[in-house]
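Chemist:
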Amino acid sequence: RERERQRERGREKLTLVLALATFLAAFGSSFQYGYNVAAVNSPSEFMQQFYNDTYYDRNKENIESFTLTLLWSLTVSMFPFGGFIGSLMVGFLVNNLGRKGALLFNNIFSILPAILMGCSKIAKSFEIIIASRLLVGICAGISSNVVPMYLGELAPKNLRGALGVVPQLFITVGILVAQLFGLRSVLASEEGWPILLGLTGVPAGLQLLLLPFFPESPRYLLIQKKNESAAEKALQTLRGWKDVDMEMEEIRKEDEAEKAAGFISVWKLFRMQSLRWQLISTIVLMAGQQLSGVNAIYYYADQIYLSAGVKSNDVQYVTAGTGAVNVFMTMVTVFVVELWGRRNLLLIGFSTCLTACIVLTVALALQNTISWMPYVSIVCVIVYVIGHAVGPSPIPALFITEIFLQSSRPSAYMIGGSVHWLSNFIVGLIFPFIQVGLGPYSFIIFAIICLLTTIYIFMVVPETKGRTFVEINQIFAKKNKPCHKAEEQATWGDTRSVNYQLSTTVFCLANKTDLITSYQDIPVLCEQRKATGVTPRSPERMLSWEYWEGHASRDRLEAPSS
Numbered sequence: 105r106e107r108e109r110q111r112e113r114g115r116e117k118l119t120l121v122l123a124l125a126t127f128l129a130a131f132g133s134s135f136q137y138g139y140n141v142a143a144v145n146s147p148s149e150f151m152q153q154f155y156n157d158t159y160y161d162r163n164k165e166n167i168e169s170f171t172l173t174l175l176w177s178l179t180v181s182m183f184p185f186g187g188f189i190g191s192l193m194v195g196f197l198v199n200n201l202g203r204k205g206a207l208l209f210n211n212i213f214s215i216l217p218a219i220l221m222g223c224s225k226i227a228k229s230f231e232i233i234i235a236s237r238l239l240v241g242i243c244a245g246i247s248s249n250v251v252p253m254y255l256g257e258l259a260p261k262n263l264r265g266a267l268g269v270v271p272q273l274f275i276t277v278g279i280l281v282a283q284l285f286g287l288r289s290v291l292a293s294e295e296g297w298p299i300l301l302g303l304t305g306v307p308a309g310l311q312l313l314l315l316p317f318f319p320e321s322p323r324y325l326l327i328q329k330k331n332e333s334a335a336e337k338a339l340q341t342l343r344g345w346k347d348v349d350m351e352m353e354e355i356r357k358e359d360e361a362e363k364a365a366g367f368i369s370v371w372k373l374f375r376m377q378s379l380r381w382q383l384i385s386t387i388v389l390m391a392g393q394q395l396s397g398v399n400a401i402y403y404y405a406d407q408i409y410l411s412a413g414v415k416s417n418d419v420q421y422v423t424a425g426t427g428a429v430n431v432f433m434t435m436v437t438v439f440v441v442e443l444w445g446r447r448n449l450l451l452i453g454f455s456t457c458l459t460a461c462i463v464l465t466v467a468l469a470l471q472n473t474i475s476w477m478p479y480v481s482i483v484c485v486i487v488y489v490i491g492h493a494v495g496p497s498p499i500p501a502l503f504i505t506e507i508f509l510q511s512s513r514p515s516a517y518m519i520g521g522s523v524h525w526l527s528n529f530i531v532g533l534i535f536p537f538i539q540v541g542l543g544p545y546s547f548i549i550f551a552i553i554c555l556l557t558t559i560y561i562f563m564v565v566p567e568t569k570g571r572t573f574v575e576i577n578q579i580f581a582k583k584n585k586p587c588h589k590a591e592e593q594a595t596w597g598d599t600r601s602v603n604y605q606l607s608t609t610v611f612c613l614a615n616k617t618d619l620i621t622s623y624q625d626i627p628v629l630c631e632q633r634k635a636t637g638v639t640p641r642s643p644e645r646m647l648s649w650e651y652w653e654g655h656a657s658r659d660r661l662e663a664p665s666s
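In terms of the working numbering, the sequence shown opens at residue 105 and continues consecutively.
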């Protein structure tokens, strides 16, 4: 017992290696996502003037207003479109290159466009900027999925929540740094904007130099590469001590639980009833994260500040202050996520955003009637940012890591990432039209989405704090109820299918209270269930207890003649 307690204490430590790996992964990848979200906002006036000057040099006439608007819209929208493309690449990259390998490869999509954007003014080409925005979008799409996956698989379960929030923390830091560098007194100038855009390559270069010296995901090495010695060595390096038997055993159990399904593609994931609620939860949380109005709040914030009497030259400082609040609250979430739990933070966050959207709608509608209403609007913006930073922004990506096992996790991130970026793109595309049509009542739509997402979380999403991946899978197994369909689809003679038949059938006989993770579990479970008098609910479609007991240790089964 004393030895087990020592092992458990050892697992709780945040070692230097784990801390540095987390920093390099998040700073080298997630930081760039946030930086490139905000980098084009401040210098937009100077960049559009560059577009006009370049067009004039080529055609000896000024660019038309519609054409300039279209080019600028492409510049902005290429980023989320690239993010969508990057999300579709995640499964292939992490399965073939590993989690760390995918991050290193991804630096191509940061360093190359950084150089191109930095040289765009000299080259007198706005097309280079538009193409580069697509490339940095691909970088963000890959990193926004791979970094949480990598850190979630590196971390012990008691630190998984805190380290899982770190990528979102660095996204907010990236946004703040871009806002600070984008001040007119710094780089938001006619000469400085190419440097502002080119700086995105610096974190990528640092990651490319240093991350190769840190371990690959032990789960990837053991479950997908079948390299037990490399997985054990990686764990020892991360944990800072040699005795990692308990954690290796935990990963082996996950591997056993995964053998039934094999590799799960995106298409297969959509068809699997046994992962139905995990998939629905991923889509709801990722869509809710973006459709709850976070980008619209930032879009509307400048107008709110101006209406409250903030001078136009000072709005940039207030915006940077809002970014600082975002960073601070995300930092708070890093420390409270293991205390309050994921589910509670999601409920608190979406509820706060719901309240802020409702009050903001009232404040905007009355701001010309009541003199102090603009100040209420500013408070609502800050409260909304706080609420989103606590739950909706950081938790969904962490949640995907926790609710899916190794074989389905890459495909789940591809789906979640695609929903994230498509939702981001849709909001950016349609919100200006919604604003024209509904005016101050635009935020009612976002309030409704926040309400629906909150209800879903309350009804469906379980708490995952402090649980292993297999234990979390057991919780969802009770919701999915896959047994009868699995029995019908299983084909005798196929090892994977029989393994799945074994798992799901005994799972049904056990009244959905147990999850089979290995053949050795089956005779024990059968004996326990016989002792309590439990019998199959559909004996004509199930085999006898004795058959499972007699064949549970075989690698390949044949159907009985009866």
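Glycine is no exception: its CB is placed at the ideal position from the N, C-alpha and C atoms.
Small disclaimer: the values here were computed from a predicted structure and weren't measured.
1. Does the beta-carbon distance from P217 to A235 come in below 9 Å?
2. Who are the near neighbours of W525 in its chain, counting only those whose CB is closer than 7 Å to its CB and skipping five residues on each side?
3. Over what stretch of residues does the alpha helix (DSSP H) that includes E575 continue unbroken?
4. Please give me, in chain order, every unbroken run of the alpha helix (DSSP H) with length at least 4 that falls completely inside the stretch 484–542.
5. Quick one: using the 10 Å Cβ neighbour count with 16 as the cut-off for buried, is V565 buried or exposed?
6. Label K261 either buried or exposed according to how many other C-beta atoms from any shown protein chain fall within 10 Å of its C-beta, with 16 as the threshold for buried.
7. Which of the three DSSP states, helix, strand or coil, is assigned to Q407?
8. Can you tell me whether S439 is buried or exposed? The criterion is at least 16 other CB atoms within 10 Å of its CB, across all chains shown.
9. Is it buried or exposed for M182, if we count other Cβ within 10 angstroms and need 16 for buried?
10. Where does the unbroken alpha helix (DSSP H) through G570 begin, and where does it stop?
11. In this structure, how does DSSP classify K357 when only helix, strand and coil are distinguished?
12. Give the list of continuous alpha helix (DSSP H) stretches no shorter than 4 residues that lie fully inside the stretch 407–476.
13. Can you tell me where the alpha helix (DSSP H) with F318 in it begins and where it stops?
14. Using only alpha-carbon positions, find the residue among G521, L449, S378, Y409 that is nearest to T386.
15. From I98 to L291, what distance separates their C-alpha atoms?
16. When you compare the CB of L470 with every CB in chain D, is at least one pair closer than 9 Å?
17. For S642, I'd like the list of residues in its chain whose CB is within less than 7 Å of its CB, leaving aside the five on either flank, ordered along the chain.
18. With 16 other CB atoms within 10 Å as the buried threshold, where does L122 fall?
19. What's the C-alpha gap between Y488 and M350?
20. Measuring CB atoms only, is the stretch 201–209 touching the stretch 222–239, in the sense that at least three cross pairs come out at less than 8 Å?
21. Touching or not, the stretch 308–315 and the stretch 129–144, by the rule of three or more beta carbon pairs under 8 Å?
22. Three or more beta-carbon pairs under 8 Å between the stretch 503–523 and the stretch 193–202, yes or no?
23. Do you know how far the Cα of R356 is from the Cα of P536?
24. So Y560 and T465 are in contact, right, with Cβ under 8 Å, and what is the actual spacing, rounded?
25. Going by DSSP, what residue range makes up the alpha helix (DSSP H) through L284?
26. Between I499, Y160, Y155, which lies nearest to L175 when the distance is taken from Cα to Cα?
27. Okay, do the stretch 139–146 and the stretch 269–286 touch, 3+ Cβ pairs below 8 Å being the bar?
28. By DSSP, does D161 sit in helix, in strand, or in coil?
29. Out of A405, L263, Q136, state which residue places its alpha-carbon closest to the alpha-carbon of T119.
30. Between the stretch 419–431 and the stretch 498–512, are three or more C-beta pairs nearer than 8 Å?
31. Quick check: the stretch 247–255 against the stretch 376–393, are there 3 or more CB pairs under 8 Å?
32. Taking only three categories from DSSP, how would you classify K372?
33. Can you tell me whether E294 is buried or exposed? The criterion is at least 16 other CB atoms within 10 Å of its CB, across all chains shown.
34. Taking only the alpha-carbon atoms, compute the straight-line gap between L451 and A405 and give it to the nearest angstrom.
35. When the Cα of I552 is compared with those of L458, Q471, Y254, F562, which residue comes out closest?
36. Tell me which residues share the same chain as V269 and place their Cβ nearer than 8 Å to its Cβ, disregarding the 5 neighbours each side in the sequence.
Modeler: In short:
1. Contact: yes.
2. Answer for W525: P184, G187, F188, S191, G245, listed in chain order.
3. 573–584 is the extent of the alpha helix (DSSP H) around E575.
4. With a minimum length of 4 residues, the continuous alpha helix (DSSP H) runs that stay inside the stretch 484–542 are 499–507, 513–542.
5. Flag for V565 reads buried.
6. Flag for K261 reads buried.
7. For Q407, the three-state secondary structure derived from DSSP is helix.
8. Residue identity check: residue 439 is Phe in the sequence provided, not Ser. With fewer than 16 other Cβ atoms within 10 Å, it is exposed.
9. Using a 10 angstroms sphere on the CB of M182, the tally of other CB atoms reaches 16 or more, which defines it as buried.
10. Looking at the DSSP string, G570 is not in any alpha helix (DSSP H), and its letter there is neither H nor E.
11. Three-state DSSP puts K357 in a helix.
12. List check, alpha helix (DSSP H) in window: 419–444, 446–470.
13. No alpha helix (DSSP H) holds F318; DSSP gives it neither H nor E.
14. Among G521, L449, S378, Y409, the Cα nearest to that of T386 is on G521.
15. Shown here, the chain extends from 105 to 666; a query on residue 98 therefore has no answer.
16. Chain labels in this structure do not include chain D; a single protein chain is all it has.
17. Reliability fails at S642, whose pLDDT of 39 lies under 50, so the model's placement of it is uncertain and no value is given.
18. When all chains shown are included, L122 counts as buried.
19. Cα to Cα, the separation comes out at about 42 Å.
20. With the cut-off at 8 Å, the stretch 201–209 and the stretch 222–239 do not touch.
21. The stretch 129–144 and the stretch 308–315 touch, with three or more beta-carbon pairs separated by less than 8 Å.
22. Contact between the stretch 503–523 and the stretch 193–202 is established, with three or more Cβ pairs separated by less than 8 Å.
23. Pairing P536 with R356, the inter-Cα distance amounts to about 51 Å.
24. Y560 to T465, Cβ: 22 Å. No contact.
25. Start and end: 264–285.
26. Looking at I499, Y160, Y155, the one whose alpha-carbon comes closest to that of L175 is Y155.
27. A contact exists between the stretch 139–146 and the stretch 269–286.
28. Helix.
29. By alpha-carbon distance to T119, the top candidate from A405, L263, Q136 is L263.
30. Contact between the stretch 419–431 and the stretch 498–512 is absent: fewer than 3 CB-CB pairs across the two stretches fall below 8 Å.
31. At 8 Å Cβ cutoff, the stretches do not touch.
32. The DSSP-derived three-state label of K372 is helix.
33. Exposed is the call here.
34. Looking at the two C-alpha atoms, the distance is approximately 24 Å.
35. The candidate whose alpha carbon is nearest that of I552 is L458.
36. The residues are T434, T437, V438, V441, P498, I499, L502.
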